[in-house]
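A.B. asks: Got a structure for you, questions after.
Number of protein chains: 2
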Amino acid sequence: MNNTHQDIVERCFLLRGLDADTGQAILDESHMRRIEAGGFFFHQGEPAEWLYILYRGRVKLVQLTQEGEQVVVNYFGPGQGLGIIVALNGADYPLSAEAIEVCEAVSWHRDEMKQLMLRYPQLALNGMNMMSSRFTRLQERFRDISTKRVEQRIARALLRLVRQFGKRVADGVLIDIPLTRQDIAEMTGTNLYNVSRILSKWEQEGWIVSHRKQVILCKAHELVVLAEDLTKDLILGTDEVSE
Amino acid sequence: MNNTHQDIVERCFLLRGLDADTGQAILDESHMRRIEAGGFFFHQGEPAEWLYILYRGRVKLVQLTQEGEQVVVNYFGPGQGLGIIVALNGADYPLSAEAIEVCEAVSWHRDEMKQLMLRYPQLALNGMNMMSSRFTRLQERFRDISTKRVEQRIARALLRLVRQFGKRVADGVLIDIPLTRQDIAEMTGTNLYNVSRILSKWEQEGWIVSHRKQVILCKAHELVVLAEDLTKDLILGTDEVSE
DNA sequence: CGTAAAATTGACGCTAATCAAGGTCCGTGG
DNA sequence: CCACGGACCTTGATTAGCGTCAATTTTACG
């Protein structure tokens with residue numbers, strides 16, 4: 001248990017830059033949570049009472065629109081925070097957090113966390129940093145979706161996921177979460193048919209290999225070219241690309 | 244000058260909940276800035292050294308993509324913060340902030356603000372609140388753009404702008420900022436042609452009146468129906484609406 | 001009154017959303 | 001072990017939506 005705590009302290013942005021004693025004091029106030037695969041940390045619309053730092057497992061963040069359409073907002077892994085942004089605001093959770101595998105997390109009640117932040121201001125600054133980087137990333141995705149076309153958006157989504165969950169395997173880099181066509185569609189603002197077609201095309205080109213719920217990037221570079229909207233003409237000396 | 248300071252303290256989320264002395268101490272560390280219409284608080288890509296609280300004027304936040312396409316990220320008015328999210332993070336400004344009229348703001352250097360936040364933790368919590376609400380709104384827009392169609396997105400964008408800059412006039416509610424078709428297009432991820440067509444249609448229906456760089460909503464309710472994707476059939480007993 | 005920015009409108013074509021049909025994979029229970 | 005059902009994936013056909021280009025008009029302002 002102490003080991004785990006140490007791990008978290010090392011890993012997590014929230015506790016970075018705090019001396020060991022302070023870190024321990026903050027962790028002493030926390031509660032341990034375990035959520036089974038398929039369970040939920042919280043549901044959209046509930047009052048945001050608790051905030052979490054994941055230290056094991058993966059979580060899928062999903063938002064429902066009024067008409068019942070889903071949007072996959074993000075995937076989170078160890079070291080990332082859940083509900084941090086809203087809990088301190090007294091708001092409701094704006095989305096649901098589903099464990100896609102067995103998860104463990106430390107958690108604080110929002111009131112406890114507020115007290116801690118008042119006592120250890122560095123904690124609040126760290127919180128702002130976390131929010132800040134998430135904000136920036138969301139803004140990027142916003143810009144993507146409003147300027148790029150579907151194929152590029154999918155390429156970018158896969159590359160982001162590789163950065164987060166990439167795992168070297170024999171024939172490339174595996175995105176190590178269960179990922180359906182539907183999921184990809186919901187991340188990129190399109191539908192599963194388009195995703196399927198595009199992945200098929202890429203597979204024919206030999207850029208990826210994909211099975212049920214899984215994608216492996218073989219030629220990530222090609223996808224980067226697509227994602228960055230570099231037409232082949234712009235890249236010198238890459239004739240081999242066209243064949 | 245003291246008057247102005249008082250105003251800011253009252254208005255601004257950043258200083259809310261602080262006692263008068265503390266608020267004054269924080270303001271004492273600030274610098275006054277004045278930016279003429281058409282000038283920039285900062286440009287995308289510059290290191291985010293300064294953060295601002297607007298107390299006069301309107302600002303347009305614009306992001307450029309690699310290919311040079313613009314995205315209008317937001318419009319800000321008095322009481323809102325510029326660069327707060329990134330400055331504390333040591334990052335670069337991810338967008339440019341252009342004054343669309345004469346603007347005045349108080350500003351702090353990021354290092355000063357960090358010191359202040361360490362000294363007055365409530366200030367950090369307030370900062371988190373500001374970021375939090377902006378994050379939530381961005382997430383809404385993200386969801387909009389990935390699930391709604393152009394007409395709905397435009398309706399929603401106008402309704403948001405009305406809430407922020409709405410001003411009662413003779414024949415409805417005016418969006419009180421200079422707002423071209425191009426601007427609306429960049430906010431909603433489409434092009435000026437579509438915007439023009441749709442606004443023309445709405446004008447024919449009598450829902451809006453629009454001149455060069457300006458839009459007045461006459462029948463906001465109709466737009467809400469469109470924005471919320473409520474077909475009229477779903478709304479019971481609202482026959483008077485159709486008149 | 002002349003100019004440039006802003007807005008309108010029509011025509012065209014492509015992207016991607018939608019619908020339909022069928023195939024594949026996997027866990028479960030007989 | 002096999003059969004079944006449900007989740008997941010693929011592919012084709014169709015078409016609405018919307019992006020793009022071109023041409024013209026309107027508006028503001030010096």
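Going down the list, the sequences are from chains A and B.
Heads up: the first sequence begins at 1 in this note's numbering, then just goes up one per residue.
Heads up: the second sequence begins at 244 in this note's numbering, then just goes up one per residue.
Note that beta-carbon positions come from the ideal geometry of N, C-alpha and C, so glycine has one too.
Keep in mind it's a predicted model, so treat the numbers as computed, not measured.
1. Tell me, which residues are paired with residue 166/A by DSSP?
2. Just to make sure I have the definition right: I need the residues of chain A whose C-beta is within less than 9 Å of the C-beta of residue 376/B. Which are they?
3. Hey, would you say residue 124/A sits closer than 8 Å to residue 360/B, going by beta carbons?
4. My understanding is that residue 20/A touches residue 53/A, with C-beta atoms under 8 Å, so please give their C-beta distance in whole angstroms.
5. Quick one: give me the first and last residue of the beta strand (DSSP E) that residue 459/B is part of.
6. Let me confirm a value: residue 315/B is counted as buried when at least 16 other C-beta atoms fall within 10 Å, else exposed. Which label applies?
7. At a Cβ threshold of 8 Å, is residue 127/A touching chain B?
8. Ignoring anything shorter than 3 residues or poking outside the region 91-174 of chain A, list the beta strand (DSSP E) runs there in chain order.
9. Whose C-alpha, out of 63/A, 50/A and 139/A, is nearest the C-alpha of residue 87/A?
10. Tell me whether residue 180/A is buried or exposed, calling it buried when 16 or more other Cβ atoms sit within 10 Å of its Cβ.
11. What are the partner residues of residue 430/B, as DSSP defines its beta bridges?
12. Ends of the alpha helix (DSSP H) at residue 194/A?
13. Excluding five sequence neighbours on each side, which residues of the same chain lie with their C-beta closer than 8 Å to the C-beta of residue 313/B?
14. Consider the Cβ of residue 472/B: report whether some Cβ of chain A lies at a distance smaller than 8 Å.
15. Grab the span of the alpha helix (DSSP H) containing residue 464/B for me, first residue to last.
16. Can you list the residues of chain B that residue 71/A reaches, using a CB-CB cut of under 7 Å?
17. Output the distance between the C-alpha atoms of residue 484/B and residue 206/A, rounded to the nearest integer angstrom.
18. Mind reading off the beta-carbon distance from residue 346/B to residue 302/B? Whole number of angstroms is fine, and I expect it under 8 Å.
19. Counting beta carbon pairs with one atom in the region 20-32 of chain A and one in the region 144-164 of chain A, are three or more of them shorter than 8 Å?
20. For residue 443/B, is the classification buried or exposed, using 16 other Cβ atoms within 10 angstroms of its Cβ as the cut-off for buried?
21. Taking 8 Å as the threshold (C-beta atoms), are residue 342/B and residue 279/B in contact?
22. When DSSP builds the beta bridges, which residues end up paired with residue 89/A?
23. Whole angstroms are fine: how far does the CA of residue 167/A sit from the CA of residue 216/A?
24. Can you grab the Cα-Cα spacing for the pair residue 245/A / residue 113/A, in whole Å?
25. So who's on the other strand from residue 63/A, going by DSSP bridges?
26. By alpha-carbon positions, which one of 414/B, 463/B, 365/B and 371/B ends up nearest to residue 269/B?
27. Under the three-state reduction of DSSP, which class applies to residue 233/A: helix, strand or coil?
28. Which chain A residues are close to residue 397/B, counting only those with a beta carbon under 9 Å from its beta carbon?
29. Between 163/A, 24/A, 133/A and 78/A, which lies nearest to residue 85/A when the distance is taken from Cα to Cα?
30. In whole angstroms, what is the alpha-carbon distance linking residue 378/B and residue 400/B?
31. What number of angstroms, rounded off, separates the C-alpha of residue 472/B from the C-alpha of residue 440/B?
32. For a quick check, are the C-beta atoms of residue 141/A and residue 385/B less than 8 Å apart?
33. Hey, is residue 324/B's beta-carbon within less than 8 Å of any beta-carbon in chain A?
34. Quick one: grab the DSSP three-state call for residue 39/A.
35. Compute the distance between the beta-carbons of residue 223/A and residue 159/A, then report whether it is under 8 Å.
36. Give the residues from the region 107-118 of chain A that approach chain B closer than 9 Å (Cβ to any Cβ), ordered along the chain.
C.D. replies: By the coordinates alone:
1. 175/A
2. 89 and 91
3. yes
4. No, residue 20/A and residue 53/A are not in contact; Cβ-Cβ is about 17 Å, not under 8 Å.
5. 457-460
6. buried
7. yes
8. 96-99, 103-109 and 166-169
9. 50/A
10. exposed
11. DSSP, once it has assigned bridges, lists no residue as partnering residue 430/B.
12. 192-205
13. 305, 306, 307 and 429
14. yes
15. 463-470
16. 386, 389 and 390
17. Unreliable positioning characterises residue 484/B in this predicted model, as indicated by a pLDDT of 33, which lies under 50. The coordinate reading is nonetheless provided below. Between residue 484/B and residue 206/A, the C-alpha separation is close to 57 Å.
18. 6 Å
19. no
20. exposed
21. yes
22. Partner(s): none; residue 89/A has no beta bridge.
23. 9 Å
24. Only positions 1 to 243 of chain A appear in this structure, which leaves residue 245/A out of reach.
25. 71/A
26. 365/B
27. Because the pLDDT at residue 233/A is just 45, under 50, the model does not fix this residue reliably, and the point stays unresolved.
28. In chain order: nothing, as chain A lies at least about 13 Å away.
29. 133/A
30. 17 Å
31. 20 Å
32. yes
33. no
34. coil
35. yes
36. 114, 117 and 118
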